[in-house]
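Colleague: Have a look at the structure that comes next, please.
Residue numbers (the numbering used here): 100 to 249.
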């Protein structure tokens with residue numbers, strides 16, 4: 100976060116320092132598996148709980164004290180009524196594998212559970228859970244297992 104914030108700070112103040120920190124930030128993105136644009140507005144107290152696979156669109160706005168887990172995406176919607184990127188409120192927790200798409204607003208004090216896909220506004224003080232698992236009585240493992248002896 101320090102390199103991220105320094106890149107933002109020098110963006111309009113010093114072109115040479117901006118490029119130095121920009122290149123450093125790009126290196127860290129590859130090394131740690133985080134794709135967070137320097138354009139993203141992130142409030143204080145931002146916390147990434149686990150390593151890797153974090154993708155946040157550059158126009159996303161994130162409030163204070165937002166905690167995110169691994170495998171999350173804050174992305175753009177290119178069609179429909181919610182064209183654009185999300186705005187995340189203060190004191191929000193985003194669980195592992197969750198995705199938030201479109202020009203929607205996630206309120207303050209919201210919890211988004213693991214693997215939830217959010218495409219609608221969420222009011223303050225609410226929790227979003229992903230659907231319950233469906234179990235079917237059919238063996239599909241042969242379609243997915245490679246290099247087996249059978």
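Every residue gets a Cβ at the ideal spot worked out from N, C-alpha and C, and that includes glycine.
Quick caveat: nothing in here was measured; it's all calculated off a predicted structure.
1) Looking at C-beta atoms only, is the number of pairs between the region 159 to 169 and the region 194 to 206 that lie closer than 8 Å three or more?
2) If you check the beta carbons only, do residue 205 and residue 216 fall under 8 Å apart?
3) Is residue 151 buried or exposed, if buried means 16 or more other CB atoms sit within 10 Å of its CB?
4) What does a CB cutoff of less than 6 Å around residue 186 pick up in its chain, not counting 5 residues either side in sequence?
5) Within this structure, are the beta carbons of residue 158 and residue 142 separated by less than 8 Å?
6) According to the neighbour-count rule (16 or more other Cβ atoms, all chains shown, within 10 Å of its Cβ), is residue 225 buried or exposed?
7) Taking buried to mean at least 16 other C-beta atoms within 10 Å of its own C-beta, is residue 182 buried or exposed?
8) Does residue 154 come out as helix, strand or coil in the three-state DSSP assignment?
9) Quick one: measure Cβ to Cβ for residue 155 and residue 124, integer angstroms, because I've assumed they're closer than 8 Å.
10) Quick check on the DSSP output: the alpha helix (DSSP H) that includes residue 135 runs from which residue to which?
11) Excluding the five sequence neighbours on either side, which residues of its own chain have a C-beta within less than 7 Å of the C-beta of residue 145, listed in chain order?
12) Going straight from the alpha carbon of residue 241 to that of residue 235, what length do you get?
13) Provide the residue(s) that pair with residue 175 in DSSP beta bridges, ordered along the chain.
Modeller: Once the coordinates are examined:
1) yes
2) On the chain shown, position 106 is the one that residue 205 refers to. On the chain shown, position 117 is the one that residue 216 refers to. For residue 205 and residue 216, no; Cβs fall outside 8 Å.
3) Sequence index remark: in the chain shown, residue 151 carries index 52 (1-based). With fewer than 16 Cβ atoms within 10 Å of its Cβ, residue 151 is classed as exposed.
4) In the chain shown, residue 186 corresponds to position 87, counting from 1. So the list reads 160, 204, once near-sequence residues are dropped.
5) Reading the chain shown from its first residue, position 59 is the one you call residue 158. Reading the chain shown from its first residue, position 43 is the one you call residue 142. Their beta carbons are not under 8 Å apart, which means residue 158 does not touch residue 142 by this criterion.
6) Your numbering for residue 225 matches position 126 in the chain shown. It counts as exposed.
7) Position 83 of the chain shown, counted from the first residue, corresponds to residue 182. It is exposed - the Cβ of residue 182 has fewer than 16 other Cβ atoms within 10 Å.
8) Reading the chain shown from its first residue, position 55 is the one you call residue 154. In this structure, residue 154 counts as strand in the three-state DSSP scheme.
9) Counting from 1 along the chain shown, the entry for residue 155 is found at position 56. Counting from 1 along the chain shown, the entry for residue 124 is found at position 25. The pair is not a contact, with the Cβ atoms about 13 Å apart (cut-off 8 Å).
10) What you label residue 135 is simply residue 36 of the chain shown in a count that begins at 1. First-last for residue 135: 133 to 135, but that is the beta strand (DSSP E), not the alpha helix (DSSP H).
11) What you label residue 145 is simply residue 46 of the chain shown in a count that begins at 1. Excluding positions up to five away in sequence, the list reads 100, 161, 165.
12) Counting from 1 along the chain shown, the entry for residue 241 is found at position 142. Counting from 1 along the chain shown, the entry for residue 235 is found at position 136. Straight-line Cα distance between these residues: approximately 15 Å.
13) Translated into the one-based positions of the chain shown, residue 175 becomes position 76. Paired residues: none, contrary to the question.
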